[in-house]
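One structure below.
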Amino acid sequence: MIHDMNSIRNTFKFKSVFSRVPLAPVFLVIFAALVVVSCADQGTYSLKGTALGYADGTQFVLFELDTDNKSIPKDTLEVQGNQFSATYAYDDNAPLNYLQVEPGRNVVFFVENQDLTLTLDNDDASNVQVAGGAVNTAYYDYLGATAGFSEQKALLDERIREANLYQDDLLARELQKEAKNIDDLRQNYTLQFVAENSNSLFGLMLISELLDSETINTVQATSYLDELSPKFQEHPMTAKIRTQIKAASANGIGGEALAFEAPTPEGTMLSLEQAMGKYTLIDFWASWCKPCRMENPNVVRAYNTYHERGLNIISVSLDREGQKDRWIKAIEDDNMDWYHVSNLQFWQEPIARAYGVRSIPATFLIDENGIVIAKDLRGQALVNTLESLMPAP
99 MIHDMNSIRN
109 TFKFKSVFSR
119 VPLAPVFLVI
129 FAALVVVSCA
139 DQGTYSLKGT
149 ALGYADGTQF
159 VLFELDTDNK
169 SIPKDTLEVQ
179 GNQFSATYAY
189 DDNAPLNYLQ
199 VEPGRNVVFF
209 VENQDLTLTL
219 DNDDASNVQV
229 AGGAVNTAYY
239 DYLGATAGFS
249 EQKALLDERI
259 REANLYQDDL
269 LARELQKEAK
279 NIDDLRQNYT
289 LQFVAENSNS
299 LFGLMLISEL
309 LDSETINTVQ
319 ATSYLDELSP
329 KFQEHPMTAK
339 IRTQIKAASA
349 NGIGGEALAF
359 EAPTPEGTML
369 SLEQAMGKYT
379 LIDFWASWCK
389 PCRMENPNVV
399 RAYNTYHERG
409 LNIISVSLDR
419 EGQKDRWIKA
429 IEDDNMDWYH
439 VSNLQFWQEP
449 IARAYGVRSI
459 PATFLIDENG
469 IVIAKDLRGQ
479 ALVNTLESLM
489 PAP
């Protein structure tokens with residue numbers, strides 16, 4: 099399964115915290131970064147750092163994330179005498195920021211009305227000193243706690259593999275119970291953490307992730323939002339979560355699939371309504387997505403078997419702008435002889451965003467009235483469901 103890295107980065111896809119996702123992450127696909135905080139003048143905050151082992155003239159780039167989850171360069175900080183600093187205006191609704199120290203090494207921080215200080219060591223990437231700051235402190239407490247759960251789970255997983263290797267079924271079952279207990283503890287910790295820290299950008303990001311991972315449902319997510327302070331009721335992230343809740347409610351099982359229209363490979367516009375059959379599979383994929391390409395033969399077999407019985411498929415590609423030829427070639431190579439549309443906007447594909455798609459492949463099976471009756475069916479599960487709905491005459 100391929101995940102939206104922008105969403106992971108920008109809404110903190112803590113999926114590895116939950117058993118549903120292997121990944122991507124899963125956790126800490128967020129940037130491994132550390133920050134510290136102290137008091138600052140009202141309306142501004144300073145970013146100060148010690149860069150051990152970095153030559154004078156070394157440049158670090160400060161990024162912020164815009165409303166479309168794109169990284170926007172904000173400033174360049176230069177090291178002089180192992181130090182760097184800058185001062186910025188404070189905004190209650192400041193987006194997530196991160197300092198790119200070098201490719202693959204980033205310092206993530208939440209903007210608070212306080213100074214931020216960090217220490218980096220060019221010879222030891224793990225030597226990042228942090229302290230203080232309400233939201234940032236909560237963030238690092240959370241990372242530390244969940245990392246601890248992950249370490250315990252990893253040790254148990256290794257012991258389970260060894261038990262299975264030696265065919266010690268009794269020990270394997272006991273260890274699996276322990277692993278399940280750790281998952282439960284981790285999830286309970288996360289839910290309690292959100293309840294206590296929802297009035298922050300980080301808390302809102304966690305609510306979004308919990309909803310996306312289906313750890314909480316739309317009713318629970320709404321309950322969290324209803325308890326927010328007036329300040330965070332008006333926060334842009336809160337508005338995004340409410341949109342996410344609306345999409346989840348509409349596109350969840352039993353809900354009505356949202357209508358959409360997009361360009362076909364030929365350049366004409368095609369709507370979901372035009373593509374619908376007795377049953378319709380809305381399939382989110384991309385030519386660059388290896389798991390999608392591996393699943394495509396299963397979808398092709400299902401289509402060839404059930405199309406005459408009433409199955410239609412409309413595939414929505416998350417291919418990139420400027421790569422239309424790759425999209426078309428993948429359709430031909432994989433023998434996907436059904437409806438196709440795409441705005442060629444990668445993870446910003448508006449249909450995928452409307453459906454709350456954060457990883458692909460992803461599917462929604464709808465009936466002739468547009469009601470979602472199943473999600474994320476793959477392989478034999480797809481065939482079994484279709485056979486139950488459209489048995490052979």
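So the sequence shown is numbered by this note's numbering: it starts at 99 and just counts up by one.
By construction, the Cβ of each residue, glycine as well, lies at the ideal position given by its N, Cα and C atoms.
Item checked: Inter-residue Cα distance where the pair is Y188 and F382 -> If you number the sequence shown from 1, residue 188 lands on position 90. If you number the sequence shown from 1, residue 382 lands on position 284. Rounded to the nearest angstrom, the two C-alpha atoms are 39 angstroms apart.
Notebook entry, point to check: Where do the ends of the beta strand (DSSP E) carrying Y186 lie?
Noted result: Locating residue 186 in the sequence shown gives position 88, counting from the first residue. Where Y186 is concerned, the enclosing beta strand (DSSP E) stretches over Q181 to A187.
Check: So T316 and S347 are in contact, right, with Cβ under 8 angstroms, and what is the actual spacing, rounded?
Finding: In the sequence shown, residue 316 corresponds to position 218, counting from 1. In the sequence shown, residue 347 corresponds to position 249, counting from 1. Under the criterion of beta carbons closer than 8 angstroms, T316 and S347 qualify as touching, at roughly 5 angstroms.
Item checked: In DSSP terms, what Q157 is bridged to -> Your numbering for residue 157 matches position 59 in the sequence shown. Beta-bridge pairing links Q157 to E176.
Notebook entry, point to check: Are D431 and A384 close, meaning C-beta to C-beta below 7 angstroms?
Noted result: For the purposes of this step, residue 431 is taken as residue 333 along the sequence shown, with counting starting at 1. For the purposes of this step, residue 384 is taken as residue 286 along the sequence shown, with counting starting at 1. Taking 7 angstroms as the Cβ cut-off, D431 and A384 do not qualify as a contacting pair.
Item checked: Close beta carbons around I426, own chain, < 8 angstroms, minus the five adjacent residues each side -> Position 328 of the sequence shown, counted from the start, is the residue given in the question as residue 426. Listed in chain order, the non-local C-beta contacts of I426 below 8 angstroms within the same chain comprise P363, local neighbours out to five positions each way being set aside.
Check: Can the beta-carbon of V233 be found less than 7 angstroms from the beta-carbon of E210?
Finding: Counting from one through the sequence shown, the residue named residue 233 turns up at place 135. Counting from one through the sequence shown, the residue named residue 210 turns up at place 112. Annotated as proximal: V233 and E210, with beta-carbon spacing under 7 angstroms.
Notebook entry, point to check: What residues are listed by DSSP as bridge partners for M367?
Noted result: Stepping through the sequence shown from its first residue, residue 367 is reached at position 269. DSSP, once it has assigned bridges, lists P361 as partnering M367.
Note to self: Taking contact to mean 3 or more Cβ pairs, one atom from each stretch, closer than 8 angstroms, check whether the region 326-342 and the region 438-450 are in contact.
What the structure shows: These segments do not touch.
Next item on the list: Report the rounded CA-to-CA distance for A149 versus S224, giving the unit in angstroms.
Entry: The sequence position of residue 149 within the sequence shown is 51, counting from 1. The sequence position of residue 224 within the sequence shown is 126, counting from 1. Here the alpha carbons of S224 and A149 stand approximately 13 angstroms from one another.
Check: In three-state DSSP terms, what is P193?
Finding: In the sequence shown, counting from the first residue as 1, residue 193 sits at position 95. Reduced to three states, the DSSP call for P193 is coil.
Next item on the list: Could you tell me the boundaries of the alpha helix (DSSP H) in which N425 lies?
Entry: By one-based count along the sequence shown, residue 425 stands at place 327. Before going on, a small fix: residue 425 reads as Trp here, not Asn. K422 to D431 is the extent of the alpha helix (DSSP H) around W425.
Check: Where does I314 sit, in a helix, a strand or coil, going by DSSP?
Finding: Start at 1 with the first residue of the sequence shown, and residue 314 comes out as number 216. Three-state DSSP puts I314 in coil, outside helix and strand.
Check: At what residues does the beta strand (DSSP E) containing D213 begin and finish?
Finding: Along the sequence shown, read from residue 1 onward, the residue named residue 213 stands at position 115. Residues Q212 to D219.
Check: Between the Cα of E354 and the Cα atoms of K473, V199, A192 and H438, which residue gives the shortest distance?
Finding: Counting from 1 along the sequence shown, the entry for residue 354 is found at position 256. The shortest C-alpha separation from E354 is found at K473.
Notebook entry, point to check: Less than 7 angstroms separating the beta-carbons of I412 and Y401?
Noted result: Position 314 of the sequence shown holds residue 412. Position 303 of the sequence shown holds residue 401. The Cβ atoms of I412 and Y401 lie no closer than 7 angstroms to each other.
Item checked: Cβ contact check for the region 277-291 and the region 237-257: 3 or more pairs under 8 angstroms -> Touching, per the Cβ criterion.
Notebook entry, point to check: Between T174, E260 and P459, which lies nearest to P389 when the distance is taken from Cα to Cα?
Noted result: On the sequence shown, residue 389 is found 291 positions in, with the first residue counted as 1. Of the candidates T174, E260 and P459, the one whose C-alpha sits nearest the C-alpha of P389 is P459.
Check: Okay, do the region 193-212 and the region 265-272 touch, 3+ Cβ pairs below 8 angstroms being the bar?
Finding: No: the two stretches stay apart, fewer than three of their Cβ pairs being nearer than 8 angstroms.
Checklist line | Environment of E307 [buried if 16+ CB atoms lie within 10 Å] | finding: Walking along the sequence shown from the start, residue 307 turns up at place 209. Here E307 is buried. Its C-beta has 16 or more other C-beta atoms within 10 Å.
Notebook entry, point to check: Would A193 be called buried (16 or more neighbouring beta carbons within 10 Å of its own) or exposed?
Noted result: On the sequence shown, residue 193 is found 95 positions in, with the first residue counted as 1. Contrary to the premise, residue 193 reads as Pro rather than Ala in this sequence. Residue environment analysis places P193 among the buried positions, since at least 16 neighbouring C-beta atoms fall within 10 angstroms of its C-beta.
Note to self: I'd like the list of long-range same chain contacts for I464, defined as Cβ closer than 6 angstroms, with 5 residues on each side in sequence excluded.
What the structure shows: For this step, residue 464 is matched to residue 366 along the sequence shown. Excluding residues up to 5 positions away in sequence, A355, T378 and V470 lie with their Cβ nearer than 6 angstroms to the Cβ of I464 in the same chain.
Margin query: Check this for me: beta carbons of N297 and L326, under 7 angstroms apart or not?
Written below: For the purposes of this step, residue 297 is identified with residue 199 of the sequence shown, where counting begins at 1. For the purposes of this step, residue 326 is identified with residue 228 of the sequence shown, where counting begins at 1. It is a contact, given that the beta carbons lie within the stated cut-off.
Check: Which residues mark the beginning and the end of the beta strand (DSSP E) in which V226 is found?
Finding: Indexing the sequence shown from 1 puts residue 226 at position 128. Per DSSP, V226 lies in no beta strand (DSSP E) and is assigned neither H nor E.
Next item on the list: Would you decide whether T174 is buried or exposed? Buried here means 16 or more other CB atoms lie within 10 Å of its CB.
Entry: Here residue 174 refers to the residue found at position 76 of the sequence shown. Exposed, since its Cβ has fewer than 16 Cβ neighbours within 10 Å.
Check: Smallest Cα separation from V455: which of E272, Q342, I170 and S369?
Finding: The residue given as residue 455 occupies position 357 in the sequence shown. Closest option to V455, Cα to Cα, is Q342.
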